[in-house]
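Reading through the structure tokens given below for one structure.
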Amino acid sequence: MAAPSGGVNCEEFAEFQELLKVMRTIDDRIVHELNTTVPTASFAGKIDASQTCKQLYESLMEAHASRDRVIKNCIAQTSSVVKHLREEREKNLDDLTLLKQLRKEQTKLKWMQSELNVEEVVNDRSWKRTRDVFGHLPGTHSLCLKYKSQQGKPQMPPGSRKSLWPSPK
Numbered sequence: 001m002a003a004p005s006g007g008v009n010c011e012e013f014a015e016f017q018e019l020l021k022v023m024r025t026i027d028d029r030i031v032h033e034l035n036t037t038v039p040t041a042s043f044a045g046k047i048d049a050s051q052t053c054k055q056l057y058e059s060l061m062e063a064h065a066s067r068d069r070v071i072k073n074c075i076a077q078t079s080s081v082v083k084h085l086r087e088e089r090e091k092n093l094d095d096l097t098l099l100k101q102l103r104k105e106q107t108k109l110k111w112m113q114s115e116l117n118v119e120e121v122v123n124d125r126s127w128k129r130t131r132d133v134f135g136h137l138p139g140t141h142s143l144c145l146k147y148k149s150q151q152g153k154p155q156m157p158p159g160s161r162k163s164l165w166p167s168p169k
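Going by UniProt numbering, the sequence shown opens with residue 1, and the numbers climb by one from there.
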């Protein structure tokens, strides 16, 4: 699911989290998606498994990239607010309201940064589950790998340990 076209409200952390929750629907329902799109043995010849793999891959890549953009955009916006508040605080050390607002924004920034870690876990789980399912289908393993190699490896978030796509045997 893509981010709403009207932009993202980064000012309220609860709204930010709710948006991410909605945007993570594809990952939350990956098992259901796989169960309904991967053909059973009786339908294996009637459904193009490589096309199914390609569509799911593209959907996941779009969802992951969209969420990554939203999170990083909100981190950048909040970082800017924190920087501005720090500058104001340096000019007026006695303003407790300003200090309180600065602490609130710093806390929000830390929460937003922690969403990058959550995102890594969510993405890893989805890629692992997809790999597990497509890796066992006859003919699909190599087709998914072929498609993956044409498109490049899934862009895992920074700090990701390794690609979860299976290596050819």
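The beta-carbon is built from N, C-alpha and C at its ideal position, and this holds for glycine as well.
Remember, it's a predicted structure, so these values are computed and weren't measured experimentally.
For residue i, the three-state DSSP class (helix, strand or coil)
i	result
Cys74	helix
Val8	coil
Tyr147	In this predicted model, Tyr147 has a pLDDT of only 44, less than 50, meaning its place in the structure is not dependable; the value taken from the coordinates is given anyway. Reduced to three states, the DSSP call for Tyr147 is helix.
Assigned exposure category for residue i - 16 Cβ within 10 Å defines buried
i	result
Arg29	exposed
Val121	exposed
Cys10	buried
Leu164	Caution applies to Leu164, whose pLDDT of 42 falls short of 50 and renders its modelled position unreliable; the model cannot decide the point.
Glu62	exposed
Residue from the options with nearest C-alpha to residue i
i	options	result
Glu33	Leu56, Gln113, Val122, Gln51	Leu56
Asp132	Cys53, Asn92, Glu62	Cys53
Glu88	Gln101, Trp127, Ala76, Lys110	Gln101
Asp68	Met112, Thr130, Arg129, Asp94	Met112
residue 181	Glu15, Thr97, Arg24, Lys108	As displayed, the chain neither begins before 1 nor continues past 169, which places residue 181 out of reach and without an answer.
Gln109	Asp124, Thr130, Leu85	Before going further, note that residue 109 is Leu rather than Gln in the sequence given. Comparing Cα positions, the closest option is Leu85.
C-beta neighbour in chain D for residue i, strict 8 Å
i	result
Lys108	The displayed structure is made up of one protein chain only, and chain D is not part of it.
Open item on the list: Quick check for students: name the residue ranges of the beta strand (DSSP E) that lie wholly in the stretch 51–127, counting only runs of 3 or more.
Closed with: Entirely contained in the stretch 51–127, not one beta strand (DSSP E) run reaches 3 residues.
- [ ] Identify every run of the alpha helix (DSSP H) within the stretch 9–36, keeping only runs that are complete inside it and at least 4 residues long; order them along the chain.
- [x] Listed in chain order, the complete alpha helix (DSSP H) runs (minimum 4 residues) inside the stretch 9–36 are 13–23, 25–28.
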